[in-house]
Structure formats: structure tokens, C-alpha cells
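The structure appears below as C-alpha cells.
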């Protein structure tokens, strides 16, 4: 059988010349250089021109000026009529939010609140349970005393404890602008410095050194080995056998930590402690 010569059904034109490289764009799109803007150019902000932004700023300034003029007129009118205007509202309450573990509650925080209550300091207390500690029974954990003077959320100080299961507990968060304070003794030192400064903040350098020494021993009493705890307890009992106070003959911050740390150890050790309590007339 004779072969049949095939013929092309149709021809396509050449797309480009293989002998010359194609001309490709240098970038996907072009935009005006930021550095070549002239003063006459208007920068667009959210789809509106710069004039709109300046107009908004002028309106805000006018409103603030009108409010200031109105305040002055009210003050003048009150002076003419002999009316005493209410003073400015006190700054917002300071909420000390303390995240704590149910397995290791920060007893020093509750002791400081007890002292604040004895002194009739206005404050409020709150307690919450985090979703990580849903099986925790709050009624079996340490409780705040009912504040003698409380204005609820309007109180100048609010002590809030959030029970949760997490690492690096307890820690105190004041605000997003502050780093958290980690550790019971660090938290208690801050609370004493700000709420009851006579326990730590207003002490002399010598007294602070004495307090810090007992705080270190309280830390050992809490987290040290059995041998270290026994040694600290012997020193503590020996010292309290001679004096009712640890430093300077009055209640200070280290007594709170020593008492709370020793109470946790005494619950597991057959050691009879000397009485270490808070004076009622503090």
C-alpha cells in the first residue's frame, strides 16, 4: 500500500522570534515614589484627603475649647450664686489581680488583707475560678475576710484572686504596662510597700536588711529540703523564745511570710511551734 503524504490542517503564526529575547516588564505595577512627593501633593488617609484630617483635628480642638469655656462659665456662675460644686472624682480603683494555684495558695495575701481589715482600711475583695481549675472547690480554699469598709467596685483598692492551674504561680498583674510579679514573697512585698508601707516601705535600710534576711529564710522554709526546713524552724523557734517579733520590736513584712511558711510546714511535721500571730493593736 502506498504511503500517503500528510498535510497540515492549518498553520499558526509564530508567537515570538526565537532569535530575540522577549520584552518582559520590570515590575508587576508602578506606583509613585514616596520620596518624590511635592508639598502640593495630598496624602490619602483612609480614602479621604489630608484636608479632611486637618478639618477633623480643628473640630476636636474647637470642641475642647468650648468645653473649657463652659467649665469656666459654670465656675463663675457657681461663685455668684454661692453654690459649692462637687470635687473631682477620685482616680479609678487599683485592682491587684493575683493568679494562684489551689495546691499552693498565697497565704501572705490573705494575711495582709486581715491586717487591712483590722485597720479598717477601705478595700474590696473578689475571688474567681479559672476554666483550668473547674474541679476546684473554692469553699475549701483560703477565704478573704469580709471588709469592714467596702464600697465594692468603687473601693480604692481591690484584691482579686483567680484560682487556676498554670506554671509559675502565683503572679500579680497590675496592668498591661507592668511586668507580672512572680512569687508569693515578691507579691507580698509589693502589697506591703503600697498598701501598708509601715510593714516594709517606710523602714530604714537596717530594718529592710533584717526583713529581707527573714524573707529568704521563709523562702527556704517553703521550698527547701527537709534538713533546711528543720534548721530554719529551730532558728525561728529559738528567736521567738526571746522576742515576740523578728525585727525591731514590731510587726513587719517578714513575720507574715514566716508565719505562713511555718504553718504549711507544721501541717506535715511533728514540730511544736511557738506562737507567731499578728498583734491586734497594729
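In my numbering, the protein residues as written are -6 to 275.
C-beta: ideal position from N, C-alpha, C; glycine also.
Contact under 7 Å by Cβ, residue i with residue j
i: residue 152; j: residue 93; result: no
i: residue 86; j: residue 148; result: yes
i: residue 166; j: residue 102; result: no
i: residue 138; j: residue 110; result: yes
i: residue 79; j: residue 134; result: no
i: residue 171; j: residue 208; result: no
i: residue 113; j: residue 142; result: yes
i: residue 150; j: residue 116; result: yes
i: residue 225; j: residue 239; result: no
Environment of residue i [buried if 16+ CB atoms lie within 10 Å]
i: residue 130; result: exposed
i: residue 246; result: Caution applies to residue 246, whose pLDDT of 46 falls short of 50 and renders its modelled position unreliable; the model cannot decide the point.
i: residue 66; result: exposed
i: residue 47; result: exposed
i: residue 121; result: exposed
i: residue 14; result: exposed
i: residue 214; result: buried
i: residue 49; result: exposed
i: residue 140; result: buried
i: residue 6; result: exposed
i: residue 73; result: exposed
i: residue 100; result: buried
i: residue 196; result: buried
i: residue 63; result: exposed
i: residue 17; result: exposed
i: residue 192; result: buried
Test: residue i CB closer than 7 Å to a CB of chain C
i: residue 229; result: The structure shown contains no chain C; it holds only a single protein chain.
Residues near residue i by beta carbon distance below 6 Å, same chain, minus five either side
i: residue 105; result: 184
i: residue 97; result: none
Beta-carbon contacts of residue i that lie in its chain and below 7 Å, excluding the five residues immediately before and after
i: residue 126; result: 95, 156, 157 and 158
i: residue 22; result: none
i: residue 119; result: 151 and 153
i: residue 175; result: 161 and 164
i: residue 71; result: 78
i: residue 189; result: 105, 108 and 109
Cβ shell of residue i (< 8 Å), same chain only, five flanking positions each side left out
i: residue 173; result: 164, 165 and 166
Could you tell me whether the segment 156 to 171 touches the segment 185 to 194, using the rule of 3 or more Cβ pairs below 8 Å?
no
Tell me whether the segment 215 to 232 and the segment 190 to 202 touch, counting them as touching only if at least three CB pairs, one residue from each stretch, are closer than 8 Å.
no
At 4 residues or longer, what runs of the alpha helix (DSSP H) sit wholly inside the segment 90 to 128?
100 to 111
Where are the beta strand (DSSP E) runs, 3 residues long or more, that stay fully inside the segment 144 to 173, in chain order?
150 to 156 and 164 to 166
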